[in-house]
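Structure, as structure tokens:
In our numbering, the protein residues as written are 7 to 139.
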């Protein structure tokens with residue numbers, strides 16, 4: 007019984023350390039490559055920016071931020087050249103993980119004006135649009 011508890015404690019500790027390291031790396035990458043914006047800041051600046059929804063097309067069609075274009079993160083490497091580097095890029099996904107990865111990817115390729123919606127689409131309470139079909 008004691009060996010089981012020891013193994014259980016070890017597994018829980020390893021998982022917690024892994025989660026903490028992942029969290030710290032994500033925070034660093036986000037702060038290094040992009041600026042995280044509140045919903046109000048995102049709404050105010052979005053009309054002067056390229057608003058990119060990084061979720062899959064099916065999720066985008068179910069609802070997206072008004073004015074956003076869909077560029078799924080899975081296709082970022084093939085299609086990032088469509089983004090203008092002289093305009094701000096406002097990104098969001100369901101949370102913030104894909105946006106963080108996209109910001110790091112774009113940042114390494116010279117894009118400077120990168121912004122991420124704090125909390126992602128899951129916490130968005132502004133205007134949205136759904137596909138008609």
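Heads up, the beta-carbon is just placed ideally off N, CA and C, and yes, glycines get one too.
* Can you give the beta carbon distance from residue 134 to residue 71, rounded, assuming they're within the 8 Å contact cut? -> Translated into the one-based positions of the chain shown, residue 134 becomes position 128. Translated into the one-based positions of the chain shown, residue 71 becomes position 65. The Cβ separation is near 6 Å, so the contact holds.
* Using CA coordinates, which residue listed in 122, 84, 118 is at the minimum distance from residue 102? -> Locating residue 102 in the chain shown gives position 96, counting from the first residue. Taking residue 102 as reference, the option from 122, 84, 118 with the minimal CA-CA separation is 122.
* **Backbone CA spacing between residue 65 and residue 85 [nearest angstrom]** => For the purposes of this step, residue 65 is taken as the residue at position 59 of the chain shown. For the purposes of this step, residue 85 is taken as the residue at position 79 of the chain shown. Computed Cα separation, rounded: 19 Å.
* For residue 109, the nearest candidate out of 39, 75, 87, 88 (CA to CA) -> By one-based count along the chain shown, residue 109 stands at place 103. Residue 109 has its Cα closest to that of 39, out of 39, 75, 87, 88.
* If we count the other Cβ atoms within 10 Å of its Cβ and call it buried at 16 or more, is residue 126 buried or exposed? -> As a position in the chain shown, residue 126 is number 120, starting the count at 1. Counting Cβ neighbours within 10 Å, residue 126 comes out buried, since at least 16 surround it.
* Asked: Is DSSP giving residue 121 helix, strand or coil here?
  -> Stepping through the chain shown from its first residue, residue 121 is reached at position 115. Strand, per DSSP.
* Mapping DSSP to helix, strand and coil, what is residue 43? -> Walking along the chain shown from the start, residue 43 turns up at place 37. In this structure, residue 43 counts as strand in the three-state DSSP scheme.
* Report the rounded CA-to-CA distance for residue 13 versus residue 20, giving the unit in angstroms. => Position 7 of the chain shown, counted from the first residue, corresponds to residue 13. Position 14 of the chain shown, counted from the first residue, corresponds to residue 20. About 10 Å.
* To do: Check whether the Cβ atoms of residue 105 and residue 98 sit closer than 8 Å, and answer yes or no.
  => The count along the chain shown starts at 1 and reaches residue 105 at position 99. The count along the chain shown starts at 1 and reaches residue 98 at position 92. The Cβ atoms of residue 105 and residue 98 lie closer than 8 Å to each other.
* Asked: Does the distance from the CB of residue 60 to the CB of residue 78 come in under 8 Å?
  -> Position 54 of the chain shown, counted from the start, is the residue given in the question as residue 60. Position 72 of the chain shown, counted from the start, is the residue given in the question as residue 78. Yes, Cβ-Cβ distance for residue 60 and residue 78 is below 8 Å.
* Asked: Got a sec? Which residues, its chain only, sit under 6 Å from residue 69 by beta carbon, not counting five neighbours each side?
  -> Counting from one through the chain shown, the residue named residue 69 turns up at place 63. Contacts found: 134, 136.
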